[in-house]
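Here the numbering used here is used: the first residue of the sequence shown is 261, the next is one more, and so on.
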Amino acid sequence: MARHQAPKVTYHGEGVGRFPVLAGGEGSLLDDRPTKTVGSYWPYTSMLFDYIYRAKPFAQPESLSADETCALTAYVVYLNDLLEDDLVLDQNNLVSIRLPNEASFVADHRTDVFNTRCMSDCQDPAAIKIISEVLSTQQEGKEDGLVDTISQQHPGQPVYDQYCTICHKVGVGGAPIVGDPDVWRGSIGNGAEVMVDNAVNGISSDAGVMSPRGGFVPLSDDEIEQAVPYMVGESS
Ligand code: HEC
Numbered sequence: 261m262a263r264h265q266a267p268k269v270t271y272h273g274e275g276v277g278r279f280p281v282l283a284g285g286e287g288s289l290l291d292d293r294p295t296k297t298v299g300s301y302w303p304y305t306s307m308l309f310d311y312i313y314r315a316k317p318f319a320q321p322e323s324l325s326a327d328e329t330c331a332l333t334a335y336v337v338y339l340n341d342l343l344e345d346d347l348v349l350d351q352n353n354l355v356s357i358r359l360p361n362e363a364s365f366v367a368d369h370r371t372d373v374f375n376t377r378c379m380s381d382c383q384d385p386a387a388i389k390i391i392s393e394v395l396s397t398q399q400e401g402k403e404d405g406l407v408d409t410i411s412q413q414h415p416g417q418p419v420y421d422q423y424c425t426i427c428h429k430v431g432v433g434g435a436p437i438v439g440d441p442d443v444w445r446g447s448i449g450n451g452a453e454v455m456v457d458n459a460v461n462g463i464s465s466d467a468g469v470m471s472p473r474g475g476f477v478p479l480s481d482d483e484i485e486q487a488v489p490y491m492v493g494e495s496s
């Protein structure tokens, strides 16, 4: 991995709108409204690297290289006044930077998390999916309407709920809001096939930009093909 210096830019991690602030907040954890930042709350720089690497940027997770992630990690740590101006952060000294709140975290020894850690020949994380399903649709549920609700759930709804709501519920970045027929009419007029194609491959117009699969690269074509009709159904 190449060596990196914290980049010199003018943005300082202060957070915009509902996006959280990344620096400051030291000593605020016992306040009624603590400011939880990397400097005031997070335990380890390795977690910061891992989080950025896997989850950022917001619209395109898993798209940064290890070098870019290292540079961003250095910058966020630097914003918290935990790096000297000229200290060069790299894979060898990353974990030597200790965050102030580390000691407040303790190991969790409950049985369900106290498993042997896999350190070699582990399963490919991409192949692991968390699946939730309703196991029982027995008659008893009928009284409170549970069975009816379950059987009517659109197959595309779980994908939509998990991945697409973050933008399409309130219209982040110009995303058409699900449930508002006016903003969907034009797209719906192009037909389902065009819409699925746009959702799979990404689309940009004056309205905004959507990356392929909303940025969730591991989603399959099938999952998108199910989610789009659900969104259309909710917006017609
Ligand atoms: C990061 C924000 C974001 C996420 C997440 C996102 N979208 Fe979008 N989506 C947009 C934006 C912005 C547009 C409008 C793009 C345009 O019209 O140029 C859009 C447009 C669409 C359209 C209309 C395409 C057309 O033909 O007009 C569909 C369908 C769609 N998204 C499906 C999805 C699905 C399915 C998901 C979840 C897997 C999803 N989106 C997740 C931002 C997002």
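Ideal Cβ positions, reconstructed from N, Cα and C, are used throughout, including at glycine.
Return the bridge partner residues of Ser465 from the DSSP annotation. Its beta-bridge partners are Gly468.
Please tell me whether, using a cut-off of 7 Å, the distance from the CB of Pro415 to the nearest non-hydrogen atom of the ligand HEC is below it. no
Leu290 versus Gly462 - alpha carbon distance: 44 Å
Under 8 Å Cβ to Cβ from His272, same chain only, skipping five residues before and after it: list those, please. Ala283 and Leu339
Mind checking who Tyr304 pairs with in its DSSP beta bridge? Arg358
I think Leu359 touches Trp302, with their Cβ atoms under 8 Å apart; what is that distance to the nearest whole Å? Contact flag correct, Cβ pair sits at about 5 Å.
I think Leu342 touches Gly299, with their Cβ atoms under 8 Å apart; what is that distance to the nearest whole Å? 6 Å
Measuring alpha carbon to alpha carbon, tell me which of Phe318, Ser364 and Pro436 ends up nearest Gly287. Ser364
Take Glu344 as the anchor and find which of Ala334, Asn352 and Val276 has the nearest alpha-carbon. Ala334
Beta-carbon separation of Gly433 and Gly475 under 8 Å? Gly475 sits away from Gly433, with the two beta carbons spaced by 8 Å or more.
Anticipated Cβ contact below 8 Å, Ser480 with Pro441, distance rounded: Cβ-Cβ separation between Ser480 and Pro441: approximately 28 Å, too far for a contact (criterion under 8 Å).
Can the beta-carbon of Met455 be found less than 8 Å from the beta-carbon of Ser465? no
Own chain residues within Cβ distance below 6 Å of Asp482, not counting five before or after: Sequence-distant Cβ neighbours of Asp482 in its own chain, meaning closer than 6 Å and more than five residues away, do not exist here.
Give a single yes or no on whether Val469 has its beta carbon closer than 7 Å to a heavy atom of the ligand HEC. Using a cutoff of 7 Å, the CB of Val469 counts as near the ligand HEC, since one of the ligand's heavy atoms is closer than that.
Here's the rule I'm using: 16 or more other beta-carbon atoms within 10 Å means buried, otherwise exposed. How should Arg314 be labelled? exposed
Within this structure, are the beta carbons of Ile484 and Ala459 separated by less than 8 Å? Contact annotation: Ile484 and Ala459 have beta-carbon atoms nearer than 8 Å.
I think Val337 touches Ile357, with their Cβ atoms under 8 Å apart; what is that distance to the nearest whole Å? 6 Å
His428 (DSSP reduced to helix, strand or coil): helix
In whole angstroms, what separates the C-alpha of Trp444 from that of Lys389? 31 Å
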